[in-house]
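Those protein sequence lines, which keep their order, are chains A and B.
Numbering follows this note's numbering, with no gaps: position 187 of the first sequence is 187.
Numbering follows this note's numbering, with no gaps: position 22 of the second sequence is 1022.
Here a beta-carbon is modelled for each residue, glycine too, at the ideal position from N, C-alpha and C.
Notes to accompany the following structure.
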Amino acid sequence: MTEKKRPLLDELKKGKWPSFVNEMEKSAAKKPVVNTLMDLVERSYEEKRVHWKHGGIVGVRGYGGGVIGRYCDLPEEYPDVAEFHTIRVNQPSGWFYTSDAIRTLCDVWEKHGSGLTNMHGATGDAILLGTTTDHLQDCFNDLSDNGFDLGGSGSNLRTPSACCGPARCEYACFDTLDLCHHLTNEYQDELHRPMWPYKFKIKISGCPNDCTSSIARADLSIIGTWRDNIQVNQEAVKEYVNNGFDVKEEVLAHCPCNCITFDEEKKELSIDDENCTRCMHCISAMPKALRVGKEKGATLLLGGKATIVQSAFLSWVIKPFIKLDKEDGYQELHDILERIWDWWDENAKVRERVGELIYRKGMGEFLKATGLEPVPQMVHHPRANPYFFWYPEDFAAEKEASEAGKEVAGSEVSE
Amino acid sequence: MPFIEVNGKQIETDEDGFIVNLEDWNEDVALALAKTEQVEELTEDHWKVVNYLKDYYKEYGIAPMVRKVVKQTGFSLKEIYELFPTGPAKGACKIAGLPKPTGCV
Ligand code: SF4
Ligand code: SF4
C-alpha cells in the first residue's frame, strides 16, 4: 500500500493531548485495514461529508440488537472498509475491568475485526469498530465464551450504566454498581430483543453530582439523594476556616437555595435542610466537614434525551425519593419502570422517546396512567406547572356528594 | 449489486440481503431468503408472521411495530425469536420481502 499524505488528520496529532490519529497509526502497523480507514476519514474531512451509508441491518443469532451495520458508500475505492460493522459490548458496572479482561476483549477483536475500539461509547458500552458480516457470529461466540455479552442498539433498552459509586466514592447514596448489574440481568429481553417505539436509556449516579450526566443523557435518570439532613461536623468546619478556606465565598455564595448560614464568631455552619434542594455543592466543596444524610435513596427523573424530533430535554422529577432496596430486589423501581414502559409502548409513535410522548400527551395523562402521585418536586418553577388535575369522574363524585349533602375531602381546593 | 438466485433467476438484494424490488417476491424467494436468516423451513407458524407483515405493509406502507406483531400474531417475543433467530426486523421482515427497516442506532 502506498503511504498517502493525510494533512488534515496530521493536524489532530498536534498539541499535548492524546490523539486518536496517533493510536490509529500504531494499530495500522498490525492491521493494514486501519490505513484504509484513515484515508477514508481524511477524505471525509476534505469533502466535509461522511462516507458511511445510513443504517444497515446485521446481527447474530437470537439478538435483535448489539451490532450496527456500517457500509462505506465508496466500496470500490475503499474495499477493505466496504463492510465495517460496529459491535457493542456490555461494559461491566462502573467500568471496572481486570487488565486480563481488557486483554481478552482486545485479543478477540484483533482476531475478528480491525482491532480498533472506542472505550467507551456515550451509552457506556465498549465499542468494537470495524468488522465484516462473515465474522460477526464467530466474534460473538468468542466474546460469549469469554463471559462478555452484547449491549443494546435499536429500539430497545440500551445498556444501563452507573458511576463507580461506593466502590470508590464516599458520596454514593446507594450501591450503583449492584443496581446497574441487577437491571442489566433482569431486563435481558428488553436489552437484546428490540420491541419498543424507540430506545430507552437508564443511567445511574450515586449522588447529585451525577457523574454519568444521567439527567441529560438518559430517559430514566436514577440519582442518589437523601431525605433527612446533611451531616455537619463543626470541628472540621473550623479546620477549613483556620486553613484560610473562605466559606462565605466558596460555599454560601453558591448555594442555589440560600439556605446555609455561617456564624463567623463560632465558625459554625448551619443548614436549613427544609429548603435545601440537595444540589450537593456544599458537600463537594467541604467533603471533610459535610456529608450526605443518613436516610439515603434516589430521585427518579424521566425524559432526558438529545435533540431529534423535539429539542434536547433534561430529565425531570417523577419520584422525589425512592428507597433502593437490594433485599427486596428493587421491587418498587421495577414496578414504576414497567408501568412507564407499558404506557409508552402502548401510546408512542414510532421513534418517539418517552419524554416526547409526555410532552405530547401531557404530564397529567402520564401520571394518571402510571399511578404516580403529583408532587411539588415535579414543578420546574413556582407557578409554572401545577400538575394538579381534575377528571370528569371527580366532578361527578363531588356533585353526587354535595347532592347528598356531604362534604368531599379536598373539595375546598377544587375551585 | 448483490443478489440471490431462486429457480435460476437472479434477484437483486441490498448489501444486507433485503430484496430490492418487492415485485420479485414469491414463496420460493421467501424460502431462499429464510435460509439466509437461519430458518431452514417455513412452517405454518412462520407463514402466520410473514403474512401478517406483508398484509400490514400493503395496507400502511411501513413495517408494524414489534408490539403489534406480538399482539396480532399471538406469538410472544420469545416465540418469534424461536421462529426467526435473527429477530423480527432482520429475519421476519426480510423473508416477507419488506424493505429494510431503518432503525436508529
Ligand atoms: S455521581 Fe456521586 S457517587 Fe457517583 S461517582 Fe460521582 S460523586 Fe461519586
Ligand atoms: S446541598 Fe446545595 S442546596 Fe443544599 S445546602 Fe448544600 S449548597 Fe445549598
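- Residue range of the beta strand (DSSP E) that includes residue 268(A): 268–271
- Flag this pair as yes or no: are the beta carbons of residue 1067(B) and residue 345(A) separated by less than 7 Å? yes
- Near ligand 1: residue 315(A) beta-carbon under 6 Å from a heavy atom: For residue 315(A), the distance from the CB to the nearest heavy atom of ligand 1 is not below 6 Å.
- Item | Local conformation of residue 378(A) per DSSP, three classes | helix
- Message: As a quick exercise: from 143(A), 75(A), 334(A) and 27(A), pick the residue whose alpha carbon is nearest that of residue 104(A).
- Response: 143(A)
- Message: As a quick exercise: from 1024(B), 1017(B), 1052(B) and 1053(B), pick the residue whose alpha carbon is nearest that of residue 1038(B).
- Response: Nearest option by C-alpha distance: 1017(B).
- Item | Spatially closest choice to residue 349(A) from 6(A), 195(A), 79(A) and 49(A), by CA coordinates | The candidate whose alpha carbon is nearest that of residue 349(A) is 195(A).
- Query: Between residue 73(A) and residue 18(A), what straight-line distance do the alpha-carbon atoms span, to the nearest angstrom?
  - Reply: 30 Å
- Task: With 9 Å as the limit, tell me which residues of the segment 350–362 of chain A have their beta carbon closer than that to any beta carbon of chain B; keep them in chain order.
- Result: 350 and 351
- Item | Buried or exposed (CB count within 10 angstroms, at least 16 for buried), residue 1059(B) | exposed
- Between residue 973(B) and the rest of its own chain, which residues show a CB-CB distance below 6 Å, the 5 nearest in sequence each way excluded? Residue 973(B) lies beyond the residue range present for chain B, which begins at 1001 and ends at 1105; the question has no answer from this structure.
- Item | Host alpha helix (DSSP H) of residue 43(A) (start-end) | 33–47
- Task: For residue 10(A), count neighbouring Cβ atoms within 10 angstroms of its own Cβ and tell me buried if that reaches 16, exposed if not.
- Result: Classification of residue 10(A): exposed, given that the 10 Å Cβ count is below 16.
- Message: Does the distance between the C-beta of residue 1073(B) and the nearest non-hydrogen atom of ligand 2 fall short of 6 Å?
- Response: The answer is no for residue 1073(B).
- Please confirm if residue 57(A) has its CB atom under 7 Å from at least one CB of chain B. yes
- Since residue 71(A) meets chain D, which of its residues come closer than 8 Å, beta carbon to beta carbon? Although the question refers to chain D, the structure presented lacks it and instead comprises the protein chains A and B.
- Message: If you measure between the beta carbons of residue 176(A) and residue 206(A), is that distance less than 7 Å?
- Response: yes
- Helix, strand or coil at residue 1072(B) according to DSSP, with G and I counted as helix: Judged by DSSP in its simplified three-state form, residue 1072(B) adopts helix.
- Whole alpha helix (DSSP H) runs in the segment 70–114 of chain A with 4 or more residues, listed along the chain? 99–112
- Can you tell me which of the three DSSP states residue 318(A) falls into? If DSSP states are grouped into helix, strand and coil, residue 318(A) belongs with the strands.
- What number of angstroms, rounded off, separates the C-alpha of residue 139(A) from the C-alpha of residue 67(A)? 11 Å
- Message: Threshold first: 3 residues or longer. Then list the beta strand (DSSP E) segments lying entirely within the segment 250–317 of chain A, N to C.
- Response: 260–263, 268–271 and 296–302
- Item | Contact set between the segment 182–198 of chain A and chain B, restricted to residues whose Cβ is under 8 Å from the partner | 189, 193, 194, 195, 196, 197 and 198
- Message: 7 Å is my cut-off, CB to CB: does residue 1105(B) come that close to chain A?
- Response: Bear in mind that a pLDDT of 38 at residue 1105(B), under 50, signals an unreliable position, so the model cannot answer this.
- Query: Under the criterion of a Cβ to heavy atom distance below 6 Å, does residue 205(A) qualify as lining ligand 1?
  - Reply: For ligand 1, a non-hydrogen atom lies closer than 6 Å to the CB of residue 205(A).
- Message: Please report whether the beta-carbon of residue 219(A) lies at a distance below 7 Å from any beta-carbon of chain B.
- Response: no
- Sequence-distant residues of the same chain with beta carbon closer than 6 Å to residue 154(A), five excluded per side: Contacts found: 65 and 194.
- Task: Sort out for me which residues DSSP pairs residue 1018(B) with in a bridge.
- Result: Per DSSP, none; premise fails for residue 1018(B).
- Query: How about residue 114(A) and residue 33(A): are their beta carbons less than 7 Å apart?
  - Reply: yes
- Message: Once the 5 residues before and after residue 70(A) are set aside, which same chain residues still bring their CB inside 7 Å of it?
- Response: 52, 56, 84, 85 and 86.
- Might you give, ordered along the chain, the residues of its own chain that have their beta carbon closer than 8 Å to the beta carbon of residue 391(A), omitting 5 neighbours on each side? 368
- Which partner residues of residue 202(A) appear in the DSSP bridge assignment? 220(A)
- Beta carbon proximity, residue 1096(B) to chain A, threshold 7 Å: With 7 Å as the cut-off, residue 1096(B) does not count as an interface residue toward chain A.
- When the Cβ atoms of the segment 303–314 of chain A are set against those of the segment 273–291 of chain A, are three or more pairs found closer than 8 Å? no
- Task: Pull up the distance between the alpha-carbon of residue 339(A) and that of residue 370(A), whole angstroms please.
- Result: Counting only the Cα atoms, residue 370(A) lies some 6 Å from residue 339(A).
- Message: Tell me the residue span of the beta strand (DSSP E) that contains residue 1003(B).
- Response: Its beta strand (DSSP E) spans residues 1003–1006.
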